[in-house]
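Numbering (the working numbering), first residue to last: 1 to 447. All C-beta atoms, glycine included, are put in the ideal place defined by N, C-alpha and C. Quick caveat, the model's predicted, so the values are computed rather than measured.
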């Protein structure tokens, strides 16, 4: 392997990119959002927006990443021929640093619950009141901090090994396993009594239940679910060779993300319908509601362990990119000193994430603007930094980037009229449609 970081194959790039996008947002938040906004109607709107909004923005990140071939914080200055544009890359790096600081808290909870569930299945630990157990876990200072540290350590171990040996190899193992585990759980969920009622609710659109707020939520989910706007996909694309077709890769990543979102719904809604359980959002869905649901199944403890492993894979494949971007920013994507800076950034992330880890324990009464530290960090990234990044990405690609660079990266043949029409449509969306839509989503959140 050369001194610079590179993917060894197109498949590795697609799996790693899909893994980055397929995180807790797709397999945890999406089912809750669907349930809260009318089921099938929300799913349909989400699918439309993902294809019409998420895909163009994803392609923009791919074009910029491979077009520049440098770290995220240098990409915009290089392509825009003005170092002032690098502020966009710095915002993305900062967003990912903050995101990993509280994302690692949830990853730590999953590790703790995986240990508890295995002990329960082996008869070493009896789980009683799930709500009380969850409260005791997240409020215990040493458990919360220890689990967070362990999760960050896993990320350091993967990222420090580099793109091919660490991220790509890990994604090639975890992503196929994620799909296999999902299929096993879906098969079990669909065989439960009254499961089809849940399937109908999830897949059959009821347009009477579609509301303006539901449309806005679907809009936000469509680009948040793909990890766009924070230079994650841009960085992964910068490791690509020139031959890889970006459009095909982008479509593959989007379709895999959609597939996992649908699979999450098929795993959860039929089972909830069968046992007459109400969907809840936030931590309670994974750690309080689902354990009760699986307890009602034959071999339920085994299936819950599989489900937690699935969530752990989804979380790690997303979190490694958060660490990788800033390691790449510092090392300028060289493999030299990668281990040292992975450790340094990992330690800094843990320190910044301590208040978030303690937000449900010793700092639960500490509120800033009416929010816990954990919720405030989530709001800062999801509601401010990511939309800001998407807006900047759309405007920069549409107005600043040299069209010849975009055409070259997308392999546009000027003699092919159909490809030129699609290219011009893509630019039109980036220039005139997407900025307006993103602004509407941003403003709607504060009204």
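The shortest C-alpha to C-alpha distance from residue 436 to any of 118, 414 and 395 is the one to 395. The region 28-35 makes no contact with the region 178-194, as fewer than three CB pairs between them are under 8 Å. Listed in chain order, the non-local C-beta contacts of residue 125 below 7 Å within the same chain comprise 116 and 119, local neighbours out to five positions each way being set aside. The Cβ-Cβ distance between residue 73 and residue 85 does not fall below 8 Å. In this structure residue 245 is exposed. Its beta-carbon is surrounded by fewer than 16 other beta-carbon atoms within 10 angstroms. In the DSSP assignment, residue 368 forms a beta bridge with 371.
In this structure residue 144 is in contact with residue 108, their Cβ atoms being roughly 7 Å apart against a cut-off of 8 Å. A contact between stretches requires three or more CB pairs, one per stretch, nearer than 8 Å, and the region 199-219 fails this requirement with the region 63-78. Classified as buried, residue 321 has 16 or more neighbouring CB atoms from the shown chains inside 10 Å of its CB. For the pair residue 325 and residue 425, the CB atoms are not nearer than the 8 Å cut-off. For residue 434, the secondary structure class from DSSP, reduced to helix, strand or coil, is helix.
CA-CA distance, residue 102 to residue 40, rounds to 31 Å. Around residue 237, the same chain offers 62, 65 and 66 as residues with beta carbons nearer than 6 Å, after the five sequence neighbours per side are excluded. Residue 262 carries a helical assignment under DSSP once its states are collapsed to helix, strand and coil. Spanning the alpha carbons of residue 430 and residue 293 requires a straight line of approximately 44 Å. In the DSSP assignment, residue 196 falls within the unbroken alpha helix (DSSP H) covering 195-203. Secondary structure of residue 298 (DSSP, three-state): coil.
Fewer than three Cβ pairs drawn from the region 335-344 and the region 359-367 lie within less than 8 Å of each other, which leaves the two stretches out of contact.
Taking 8 Å as the cut-off, the Cβ atoms of residue 381 and residue 356 do not count as close. Scanning the region 42-91 from its first residue to its last, the whole alpha helix (DSSP H) runs of 4-plus residues come out as 55-68 and 72-80. With a 10 Å radius around the Cβ and a threshold of 16 neighbouring Cβ atoms, residue 242 comes out exposed.
In this model, residue 339 and residue 58 are separated by some 29 Å (Cα to Cα). The alpha-carbon separation between residue 230 and residue 139 amounts to approximately 31 Å. Taking all protein chains shown into account, residue 296 has fewer than 16 neighbouring C-beta atoms within 10 Å of its C-beta and is therefore exposed. Using a Cβ distance threshold of 8 Å, residue 151 and residue 227 do not count as a contacting pair. By alpha-carbon distance to residue 43, the top candidate from 203, 82, 178 and 112 is 203. Where residue 352 is concerned, the enclosing alpha helix (DSSP H) starts and stops at 338-357. The residue among 302, 287 and 354 with its C-alpha nearest the C-alpha of residue 131 is 287. Setting aside the 5 residues that flank it on each side, residue 330 is surrounded in the same chain by 341, each with a C-beta closer than 7 Å to its C-beta; the list follows chain order. Proximity to residue 157 across 316, 370, 440 and 232 peaks at 316, based on C-alpha coordinates. In this structure, the straight-line span from the alpha carbon of residue 328 to that of residue 81 is close to 21 Å. The beta carbon of residue 88 is closer than 6 Å to those of 76 and 392 in its chain, skipping five residues each way along the sequence. Rounded to whole angstroms, the separation of the alpha carbons of residue 135 and residue 121 is 21 Å. Each of 94, 147, 153 and 304 was checked against the Cα of residue 181, and the nearest Cα belongs to 304. Excluding five sequence positions before and after residue 113, the CB atoms of its chain that fall closer than 7 Å to its own CB belong to 287 and 308, given in chain order.
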